[in-house]
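Heads up, this note's numbering is the position in the sequence shown plus 258, with the first residue counted as 1.
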Amino acid sequence: MKNLPKFRLYGLRSYDRSAKARWLLTEAGADFEMRWLDRDKKEHESAEFLKLNPMGRVPVLEIGTQAMFESGAICTYLGDLFAEKGLAPLPNSPERAEYLQWMFLASSIDTYQIRIMVIEDIPPGEVQKAKEAALQAELRDTLVTLDRVFTEKSFLVGNRFTAADVSVSYHLYWLRLWPELDQIFNDFPKVKAYMDRMESHPSAIKADVFSYKS
Ligand SMILES: N[C@@H](CCC(=O)N[C@@H](CS)C(=O)NCC(=O)O)C(=O)O
């Protein structure tokens, strides 16, 4: 492998957003140190960690002497770094636009999770119902789009595994932990089959990505 910087990835739990970066590093066969922070001791709020990410959130990826945060950016960076392993199409390739489209869609899917958590805290009633219906409709539109893709191919881009599969499947996985959102997936068997494929992907298993237990 080419001369790579030293990687250190910070996370709190196996299933947090550091899982996406760990999956990519594992798939690329890269050497990296996983640094688990103790949430009970609030290590992610320590002065030392706040120097790496002033927001006190994981993941952070140290790349030699540089640190970066925001899981979507980290995945984009790693995809490009390991492009020769097929993790991202090159910037001047025809597949690049499609790849970026799915990478950014993953960030939108991430917001659905934040929305459902906020909705849960709204007192039961008309407002909560309306917000939940709007979210369910948006998720359904997303799944219609993805189901159409998986009618023709097994992966999102170029019919091979890329960082877009990591990003999209990770955030879809989280939505399925809410039964009212999971039941929508039943109408989209191709997306469900895709999720099964991603959850049993060898490097996802090795990196312990889909590991949330309530
Ligand atoms: N948009 C950020 C979100 C980062 C984030 O919220 N991380 C969570 C874990 S997945 C965290 O650090 N939470 C702090 C806590 O649990 O106190 C990203 O994608 O990296």
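The beta-carbon is built from N, C-alpha and C at its ideal position, and this holds for glycine as well. Computed from a predicted model, the values in this text were never measured in an experiment.
Could you work out which residue in the options is closest to residue i when comparing CA atoms only?
i	options	result
Asp399	Ile377, Glu378 and Ile367	Ile367
Arg271	Glu301, Pro263 and Phe362	Glu301
Glu396	Glu384, Asn417, Lys411 and Leu363	Leu363
Gly287	Tyr268, Leu339, Ala305 and Pro382	Leu339
Pro263	Phe290, Ala341, Tyr357 and Asn350	Phe290
Leu439	Ile372, Asn261, Ala325 and Thr334	Ile372
Gln324	Gly416, Arg266 and Ala346	Arg266
Leu348	Val415, Ala388 and Asp298	Val415
Pro437	Glu384, Ala355, Pro381 and Glu390	Glu390
Ser472	Leu435, Lys299 and Arg354	Leu435
Leu433	Arg297, Glu342, Pro460 and Ser365	Ser365
Contact check, residue i vs residue j under 8 Å by CB: the rounded distance?
i	j	result
Leu283	Val424	Rounded, the Cβ-Cβ distance is 11 Å, inconsistent with contact.
Val316	Arg280	Contact doesn't hold; Cβ gap of about 11 Å is too wide.
Tyr470	Tyr273	4 Å
Lys448	Thr409	6 Å
Leu345	Glu285	7 Å
Ala462	Met456	6 Å
Hey, residue i and residue j: beta-carbon distance below 8 Å or not?
i	j	result
Leu393	Tyr370	yes
Gln386	Ile374	no
Phe413	Thr403	no
Val318	Leu308	no
Quick check: what's the CA-CA separation for residue i versus residue j?
i	j	result
Gly337	Met292	18 Å
Arg406	Phe446	9 Å
Pro352	Met361	16 Å
Met313	Lys278	19 Å
Gln441	Ala305	43 Å
Phe443	Tyr431	11 Å
Gly269	Cys333	14 Å
Ile321	Glu384	48 Å
Ser458	Asn417	17 Å
Leu401	Asp454	15 Å
Tyr335	Asp379	35 Å
Glu303	Phe327	14 Å
Gly330	Arg354	16 Å
Val467	Ala422	15 Å
- At 4 residues or longer, and completely inside the stretch 318-359: list those alpha helix (DSSP H) runs for me, N to C. 329-339
- Item | Uninterrupted alpha helix (DSSP H) stretches inside the stretch 400-434 (no shorter than 4 residues) | 421-433
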